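**Q** In the working numbering, the protein residues as written are 85 to 606.
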Amino acid sequence: MRSHPCRPAVVPSLLLAAALVLTGCTSFSDTLAHESSSSATSSPTEKPKPAPIEWSDCNKQIQPLIAGQKGSDRDLTFECGRTEVPISYDEPQGATLPLFLVRAVMAGQTGRIGSLVVNPGGPGASGSDAAIGLALTLPEDVLRRFDLVGFDPRGVGLSTPVECVPAELKEQMIAAEPRPTTAQEIDDAFALADEAAQGCADKYGDALGTFNTVATARDMDRLREALGDRQLTYLGYSYGTTLGSTYAELFPDKVRALVLDAAVDPHADPTSDAEASAKAFEAGFDAFAANCTKLLAGCPLGNEPRQYVERLMGDADKEPIPSSEKGETRKATAGVVLTAIQAALYDTESWPQLAQSLAAAHKRDSKGLFSLVDNYTGRLDDKSYSNLLDANLAINCADTDQTVPKDDIRALVAEWDAKYPLFGASSAVGLYTCSVWKAERTPLPERDAAGSAPILVVGNTGDPVTPLPGAKDMAEDLQSGVLLTWQGSGHTAYPKTPCITSAVDAYLIDLKAPDDGLTCPA
Numbered sequence: 085m086r087s088h089p090c091r092p093a094v095v096p097s098l099l100l101a102a103a104l105v106l107t108g109c110t111s112f113s114d115t116l117a118h119e120s121s122s123s124a125t126s127s128p129t130e131k132p133k134p135a136p137i138e139w140s141d142c143n144k145q146i147q148p149l150i151a152g153q154k155g156s157d158r159d160l161t162f163e164c165g166r167t168e169v170p171i172s173y174d175e176p177q178g179a180t181l182p183l184f185l186v187r188a189v190m191a192g193q194t195g196r197i198g199s200l201v202v203n204p205g206g207p208g209a210s211g212s213d214a215a216i217g218l219a220l221t222l223p224e225d226v227l228r229r230f231d232l233v234g235f236d237p238r239g240v241g242l243s244t245p246v247e248c249v250p251a252e253l254k255e256q257m258i259a260a261e262p263r264p265t266t267a268q269e270i271d272d273a274f275a276l277a278d279e280a281a282q283g284c285a286d287k288y289g290d291a292l293g294t295f296n297t298v299a300t301a302r303d304m305d306r307l308r309e310a311l312g313d314r315q316l317t318y319l320g321y322s323y324g325t326t327l328g329s330t331y332a333e334l335f336p337d338k339v340r341a342l343v344l345d346a347a348v349d350p351h352a353d354p355t356s357d358a359e360a361s362a363k364a365f366e367a368g369f370d371a372f373a374a375n376c377t378k379l380l381a382g383c384p385l386g387n388e389p390r391q392y393v394e395r396l397m398g399d400a401d402k403e404p405i406p407s408s409e410k411g412e413t414r415k416a417t418a419g420v421v422l423t424a425i426q427a428a429l430y431d432t433e434s435w436p437q438l439a440q441s442l443a444a445a446h447k448r449d450s451k452g453l454f455s456l457v458d459n460y461t462g463r464l465d466d467k468s469y470s471n472l473l474d475a476n477l478a479i480n481c482a483d484t485d486q487t488v489p490k491d492d493i494r495a496l497v498a499e500w501d502a503k504y505p506l507f508g509a510s511s512a513v514g515l516y517t518c519s520v521w522k523a524e525r526t527p528l529p530e531r532d533a534a535g536s537a538p539i540l541v542v543g544n545t546g547d548p549v550t551p552l553p554g555a556k557d558m559a560e561d562l563q564s565g566v567l568l569t570w571q572g573s574g575h576t577a578y579p580k581t582p583c584i585t586s587a588v589d590a591y592l593i594d595l596k597a598p599d600d601g602l603t604c605p606a
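(1) Near Ala418, what residues of its chain come up, given a Cβ to Cβ distance below 6 Å and the 5 sequence neighbours on each side ignored?
(2) With 16 as the cutoff for other CB atoms within 10 Å, does Gly652 come out buried or exposed?
(3) Quick one: residues in its chain with C-beta nearer than 7 Å to the C-beta of Gln315, no 5 flanking neighbours on either side, listed in chain order?
(4) Determine the direct distance from the alpha carbon of Thr300 to that of Asp286, and round the result to whole angstroms.
(5) Relative to the alpha-carbon of Ala509, which residue among Met190, Pro134, Lys363 and Ile197 has its alpha-carbon at the smallest distance?
(6) In terms of residue numbering, what span does the beta strand (DSSP E) encompassing Gly546 cover?
(7) At a cut of 8 Å, does the stretch 403 to 415 reach the stretch 440 to 450 through at least three beta carbon pairs?
(8) For Leu540, which of Ser511, Thr585 and Ala498 has the nearest alpha-carbon?
(9) Taking the alpha carbon of Glu530 as the reference point, which residue from Glu560, Leu342, Val549 and Asp547 has its own alpha carbon closest?
(10) Which term fits Glu388, buried or exposed, when burial requires 16 or more other beta carbons within 10 angstroms of its beta carbon?
(11) For Lys429, is the classification buried or exposed, using 16 other Cβ atoms within 10 angstroms of its Cβ as the cut-off for buried?
(12) Leaving out five residues on either side along the sequence, give the residues of the same chain with a beta carbon under 8 Å from the beta carbon of Ser120.
(13) For Gly320, count neighbouring Cβ atoms within 10 angstroms of its own Cβ and tell me buried if that reaches 16, exposed if not.
(14) Measure the Cβ-Cβ separation of Asp483 and Glu247 and say whether it is below 7 Å.
(15) The alpha helix (DSSP H) with Val457 in it runs from where to where?
(16) Measure the C-alpha to C-alpha separation of Gly108 and Thr167 and round it to an integer number of angstroms.
(17) Excluding five sequence neighbours on each side, which residues of the same chain lie with their C-beta closer than 8 Å to the C-beta of Tyr578?
(18) So, does the stretch 482 to 496 touch the stretch 306 to 313, judging by three or more C-beta pairs under 8 Å?
(19) Are there 16 or more other CB atoms within 10 angstroms of the CB of Ser356, so buried, or fewer, so exposed?
(20) Are the stretch 161 to 175 and the stretch 132 to 150 touching by the rule of at least three beta carbon pairs closer than 8 Å?
(21) Compute the Euclidean distance between the alpha carbons of Arg229 and Ser210, then round it to the nearest angstrom.
(22) What are the residues that DSSP puts in a beta bridge with Ala341?
(23) What do you get for Ala151, buried or exposed, if any count of 16 or more other CB atoms within 10 angstroms of its CB means buried?
(24) Using the C-alpha atoms, what's the distance from His351 back to Ser122?
(25) How would you call Thr194, buried or exposed, if buried means at least 16 neighbouring beta carbons within 10 angstroms?
(26) Have a look at Ile258 and Gly289 and give me their C-alpha separation to the nearest angstrom.
(27) Per DSSP, what kind of secondary structure is Asn203 in: helix, strand or coil?
(28) Pick out whichever of Thr581, Asp485, His575 and Pro204 has its Cα sitting closest to the Cα of Pro39.
(29) Which whole-angstrom value describes the C-beta separation of Trp521 and Ala273, a residue pair presumed to lie in contact below a C-beta threshold of 8 Å?
(30) If you draw a straight line from the alpha carbon of Pro264 to that of Ala275, how long is it in whole angstroms?
(31) Please report the straight-line C-alpha distance between Glu366 and Arg196, rounded to a whole angstrom.
(32) Tell me the DSSP secondary structure of Trp521 in three-state form.
(33) Where Glu359 and Trp500 are concerned, what is the direct C-alpha to C-alpha distance, given to the nearest angstrom?
(34) Out of curiosity, what's the CA-to-CA distance linking Tyr469 and Ile171?
(35) Taking C-alpha atoms, which residue in Lys254, Gln268 and Asn296 lies nearest to Glu279?
(36) With a threshold of 16 other CB atoms inside 10 Å of the CB of Ala478, please say whether the residue is buried or exposed.
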């Protein structure tokens with residue numbers, strides 16, 4: 085089983101170490117135990133007022149983490165917050181769980197509009213980290229008008245994290261055969277998915293379905309109200325477009341401005357989505373290879389990067405590759421090689437690192453590969469993992485009730501392996517993951533957001549994670565959707581190019597949406 089969390093590379097993973105100093109990291113199991121005696125005090129149909137956000141200064145913890153990074157010279161202050169939301173909106177006055185937030189404010193704000201709430205994708209990526217990273221990279225014109233607010237969605241990061249996939253199992257998943265095609269290899273992949281699903285079901289039982297996008301969208305509306313904003317201004321990347329469009333469907337009258345960058349296709353069923361992902365990653369690798377071979381200094385992978393990778397994966401299969409990193413005992417299998425490639429395809433700025441890491445691995449040093457893999461999968465310096473992969477599984481699987489039979493998956497493996505030789509087989513086997521997930525499902529609603537203010541949907545022609553047709557479909561489905569296209573490579577577009585940046589800034593600040601269908605050059 086291979087999970088593919090979607091995270092924009094503009095958001096560094098910074099916050100966890102500092103936040104653990106600030107507050108105890110409460111697990112969902114602990115929350116349930118603590119709240120189990122809670123009872124409703126009023127009618128379940130009565131909408132309760134949102135809990136206030138308790139803010140505290142966390143500059144001393146965050147500033148050292150961003151020191152020396154581009155944008156760290158901005159005059160920023162950071163606050164960390166905590167609030168409570170209902171575990172179940174069927175019982176809005178019942179048991180609650182805490183959400184963790186970070187607010188970044190740049191000095192010298194004028195004409196403040198309100199809060200800009202951000203979500204970096206995944207599902208499973210930390211919105212708190214996103215607020216820190218985007219505070220360093222978003223245009224100052226935007227930061228002068230908005231407080232930047234990121235929250236860890238329920239089950240993510242420091243918001244009662246779902247934690248049910250042991251580190252050892254994550255290591256096995258990452259190192260596993262990346263292109264399972266034989267009957268035994270496919271059965272082994274199924275077994276890993278079975279083990280993860282059973283472990284999470286055993287730990288959380290019926291509560292596992294709590295981690296779903298519809299509930300998180302309802303959480304976001306309570307946060308909007310607690311922040312004092314009459315309507316929501318929101319910037320969501322990748323999975324964050326699913327969350328944002330779900331919010332717009334549930335609360336169309338509360339939309340001020342939503343930017344949905346790298347939109348996830350709302351039409352795609354699991355099978356078509358998996359095939360589109362395999363196809364897009366293949367195209368992304370081809371773009372990386374073409375870029376590498378055009379380098380003036382020459383590509384370290386030679387004139388045929390795809391053949392180079394095939395040979396490297398074959399070598400790693402026969403004899404896993406050690407690392408020169410002091411104290412590192414892991415060795416890179418073919419699974420690690422392909423995961424590193426996948427991680428780097430998200431952002432063109434990672435392409436030079438990928439080329440050098442693959443070349444080093446050919447010389448029997450996997451240090452660079454593991455650096456890419458660990459950042460992608462949430463592995464920390466102490467060899468533990470964040471709950472990125474746990475939350476990615478839980479939320480993705482809670483959001484769909486569709487299943488794919490094993491026999492169908494086996495047939496797709498053969499078909500897709502031929503069509504998409506690097507990524508096809510793993511994408512097909514990944515369809516099994518949610519088919520065996522043992523939790524209540526809350527399928528995503530159809531989303532037209534009737535009555536909403538204009539919603540800006542952004543897509544890339546060369547996005548290897550969320551291909552452009554998804555953005556087109558989302559913009560067409562939303563009654564007020566406006567499509568903005570970038571002819572670029574990598575995952576997400578804003579604020580990577582002046583044309584995209586100026587269009588998005590005008591929309592966020594002045595509510596001036598660009599012409600529907602505007603295309604920005606690479």
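Note that the Cβ used here is the ideal one computed from N, Cα and C, for glycine as well. In this text the structure is predicted, and so the values were computed from the model without any measurement.
**A** The answer reads as follows:
(1) Beyond the five residues adjoining it in sequence on each side, Ala418 comes within less than 6 Å, by CB distance, of Pro262, Met397, Ala400 and Asp401 in the same chain, given in chain order.
(2) Because the chain is modelled from 85 through 606, residue 652 falls outside the range shown and cannot be assessed.
(3) Setting aside the 5 residues that flank it on each side, Gln315 is surrounded in the same chain by Lys338, Val339 and Arg340, each with a C-beta closer than 7 Å to its C-beta; the list follows chain order.
(4) So the alpha carbons of these two residues sit roughly 23 Å apart.
(5) The residue with the shortest Cα to Cα distance from Ala509 is Lys363.
(6) That run of the beta strand (DSSP E) goes Ile539 to Gly546.
(7) Yes: at least three Cβ pairs fall under 8 Å.
(8) Among Ser511, Thr585 and Ala498, the Cα nearest to that of Leu540 belongs to Thr585.
(9) For Glu530, the closest C-alpha among the options Glu560, Leu342, Val549 and Asp547 is that of Glu560.
(10) Under this definition Glu388 is an exposed residue.
(11) Here the sequence assigns Leu to residue 429, which means Lys is not the residue at that position. Around the beta carbon of Leu429, 16 or more other beta carbons lie within 10 angstroms, which makes this residue buried.
(12) Because Ser120 sits at a pLDDT of 41, beneath the cut-off of 50, its placement in the model cannot be relied upon, and the point is left open.
(13) When all chains shown are included, Gly320 counts as buried.
(14) At a Cβ-Cβ threshold of 7 Å, Asp483 and Glu247 do not count as neighbours.
(15) Lys451 to Thr461 is the span of the alpha helix (DSSP H), which, as asked, contains Val457.
(16) Any answer about Gly108 is weak, because its pLDDT of 46 lies below 50 and its placement is not dependable; what the coordinates show is given next. Just so you know, the alpha carbons of Gly108 and Thr167 end up roughly 14 Å apart.
(17) So the qualifying residues of the chain are Leu319, Val343, Asp345, Val542, Ile584, Thr585 and Val588.
(18) Judged by pairs of C-beta atoms under 8 Å, the stretch 482 to 496 does not touch the stretch 306 to 313, as fewer than three such pairs exist.
(19) Exposure of Ser356 is indicated by the presence of fewer than 16 other C-beta atoms within 10 angstroms of its C-beta.
(20) Taking 8 Å as the limit for Cβ pairs, the verdict is that the stretch 132 to 150 does touch the stretch 161 to 175.
(21) Arg229 and Ser210: Cα-Cα distance of roughly 23 Å.
(22) Per DSSP, Thr317.
(23) Exposed is the call here.
(24) At Ser122 the pLDDT is 41, less than 50, meaning the model places this residue with poor confidence and gives no usable figure here.
(25) That one is exposed.
(26) Rounded to whole angstroms, the gap between the alpha carbons of Ile258 and Gly289 is 26 Å.
(27) It is a strand residue.
(28) There is no way to answer for residue 39, as the model of the chain reaches only from 85 to 606.
(29) Taking the Cβ atoms as the reference, Trp521 lies roughly 15 Å from Ala273, outside the contact range of under 8 Å.
(30) Between Pro264 and Ala275, the C-alpha separation is close to 12 Å.
(31) Cα to Cα, Glu366 sits roughly 44 Å from Arg196.
(32) Here Trp521 carries a coil assignment [DSSP, helix/strand/coil].
(33) Glu359 and Trp500: Cα-Cα distance of roughly 8 Å.
(34) Roughly 25 Å separates the two Cα atoms.
(35) Of the candidates Lys254, Gln268 and Asn296, Lys254 places its Cα closest to the Cα of Glu279.
(36) By the neighbour-count criterion, in which a residue is buried when 16 or more other Cβ atoms sit within 10 angstroms of its Cβ, Ala478 is buried.
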